[in-house]
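In the working numbering, the protein residues as written are 58 to 419. Beta carbons are placed, not taken as given, at the ideal position from N, Cα and C, and that holds for glycine. Working notes, structure below.
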Ligand code: IPM
Ligand code: MN
């Protein structure tokens with residue numbers, strides 16, 4: 058079986074890191090003939106040229122593909138009259154219209170990376186942030202009001218169905234893992250602000266209803282403000298963390314900061330029928346085109362894509378390839394030679410890619 062991958066390279070460092078990931082996948086023995094990469098335009102630069110950040114042809118191709126691989130989108134200053142960024146429409150449209158409700162962001166401290174948390178070494182931070190990706194504060198995108206240039210509103214939207222499906226996903230993920238590093242306990246932590254807002258209290262209530270079907274997994278709760286401290290003080294306590302869209306956006310960046318920064322932040326955004334893979338970082342326009350961007354986040358996102366396709370289509374060769382790519386990234390980082398400038402190393406983007414390619418072949 059051959060899988061079609063819709064590729065959108067996007068803005069800033071997007072093209073470099075996306076090309077890096079494709080180069081690595083094509084280097085995995087036997088994989089190139091199974092993947093058909095088809096490139097389409099979208100993003101801020103495309104908006105600047107055409108007035109459309111997400112052309113219909115691109116959207117349709119993403120919808121039809123087996124999976125979608127993205128570099129990065131958005132450029133500062135390329136905004137709509139209301140001040141929001143035009144380039145972000147591509148990814149947000151995919152999330153909402155392809156119903157990519159589960160945004161999985163693995164937080165792992167790889168070998169060779171020095172965490173700013175001085176008590177934690179590689180192998181001691183490894184948990185998942187599962188961000189609800191279609192509701193919450195983000196559901197207001199383009200729907201908020203501006204009145205008389207004086208009043209602005211955005212509304213939080215939470216549905217029972219939305220909570221149930223993301224919560225189930227969190228518990229299913231926990232079942233497939235070996236528990237938190239600290240104590241080996243399988244644990245799902247809900248990150249919310251249920252002490253203050255009704256929407257979050259409702260989230261917690263429905264979360265608890267779903268949790269009742271998973272007595273084998275510990276349930277845990279943290280208010281988002283406290284969570285920012287816990288993720289710094291005791292990252293090894295966490296196994297799977299589930300959060301509303303905006304909170305998930307924020308805590309996943311904080312978490313990335315503990316394992317090497319945004320360059321080390323893969324993500325996989327999936328629903329029941331579609332999958333969209335990109336690093337959680339932005340387009341970093343100030344370092345674009347300099348061959349210094351860290352490609353590992355996108356390479357690891359591409360590995361998540363392989364695993365997702367492999368599981369859906371019961372194709373072990375892709376699941377194996379995912380494993381090979383992840384191991385190669387870890388080895389490249391651990392050897393020190395795959396560390397880019399942001400990680401304290403001196404590898405260029407292409408040095409890092411070359412090394413990972415050699416490792417996937419060996
Ligand atoms: C992310 C990004 C996006 C978000 C932007 C690019 C719309 O920050 O994927 O985390 O805010 O969700
Ligand atoms: Mn973000």
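- Query: Residues with a Cβ closer than 5 Å to any heavy atom of the ligand IPM, in chain order?
  - Reply: 145, 306, 337
- Message: Are the CB atoms of residue 81 and residue 413 within a distance shorter than 8 Å?
- Response: yes
- Task: Please go through the segment 314 to 364 and give each complete alpha helix (DSSP H) segment of 4 or more residues, from N-terminal end onward.
- Result: none
- Message: What does the Cβ neighbour count give for residue 208, buried or exposed, with the cut at 16 atoms within 10 Å?
- Response: exposed
- Message: At the level of alpha carbons, what is the spacing between residue 53 and residue 257?
- Response: No statement about residue 53 is possible, as the shown extent of the chain runs from 58 to 419 and does not include it.
- Item | Length-filtered (4 minimum) alpha helix (DSSP H) runs lying within the segment 140 to 189 | 146 to 154
- Query: Can the beta-carbon of residue 268 be found closer than 8 Å to that of residue 228?
  - Reply: yes
- Task: Determine the direct distance from the alpha carbon of residue 125 to that of residue 71, and round the result to whole angstroms.
- Result: 14 Å
- Query: Hey, would you say the C-beta of residue 211 is under 7 Å away from at least one heavy atom of the ligand MN?
  - Reply: no
- So who's on the other strand from residue 93, going by DSSP bridges? 61
- Task: Output the distance between the C-alpha atoms of residue 343 and residue 144, rounded to the nearest integer angstrom.
- Result: 16 Å
- Query: Which residues mark the beginning and the end of the beta strand (DSSP E) in which residue 128 is found?
  - Reply: 124 to 129
- Query: For residue 213, which residues from the same chain have a beta carbon less than 7 Å from its beta carbon, with the 5 sequence-adjacent residues on both sides left out?
  - Reply: 193, 194, 256
- Query: How big is the Cα-Cα spacing for residue 150 and residue 188?
  - Reply: 17 Å
- Query: According to the neighbour-count rule (16 or more other Cβ atoms, all chains shown, within 10 Å of its Cβ), is residue 203 buried or exposed?
  - Reply: exposed
- Does at least one heavy atom of the ligand MN sit under 7 Å from the Cβ of residue 330? no
- What do you get for residue 165, buried or exposed, if any count of 16 or more other CB atoms within 10 angstroms of its CB means buried? buried
- Query: Does the ligand MN have a heavy atom nearer than 7 Å to the CB of residue 68?
  - Reply: no
- Can we count residue 310 as close to the ligand MN, meaning its CB is less than 7 Å from some heavy atom? yes
- Item | Where the beta strand (DSSP E) containing residue 210 begins and where it ends | 208 to 210
- Message: In whole angstroms, give me the CA-to-CA distance for residue 261 and residue 162.
- Response: 21 Å
- Message: Considering only their Cβ atoms, is the gap separating residue 326 from residue 357 smaller than 8 Å?
- Response: no
- Query: Who are the Cβ neighbours of residue 238 in its own chain at under 7 Å, not counting the five residues just before and after it?
  - Reply: 181, 183, 293
- Would DSSP call residue 248 helix, strand or coil? strand
- Item | Rounded separation between residue 58 and residue 91 - CA only | 7 Å
- Task: Report buried or exposed for residue 155, applying the criterion of at least 16 other Cβ atoms within 10 angstroms of its Cβ.
- Result: buried
- Of all the options 379, 392, 395, 397, which has the alpha carbon lying nearest to the alpha carbon of residue 84? 379
- Segment contact, 8 Å Cβ cut-off, at least three pairs: the segment 398 to 417 with the segment 360 to 374: no
- Task: Step through the CB atoms of chain D and report whether any lies within less than 8 Å of the CB of residue 193.
- Result: The structure shown contains no chain D; it is built from a single protein chain.
- Query: Three-state secondary structure (DSSP) at residue 87?
  - Reply: coil
- Where the beta strand (DSSP E) through residue 279 begins and ends: 275 to 280
- Where residue 367 falls: helix, strand or coil (DSSP): helix
- What's the call for residue 106, buried or exposed, on a 16-neighbour Cβ count within 10 Å? exposed
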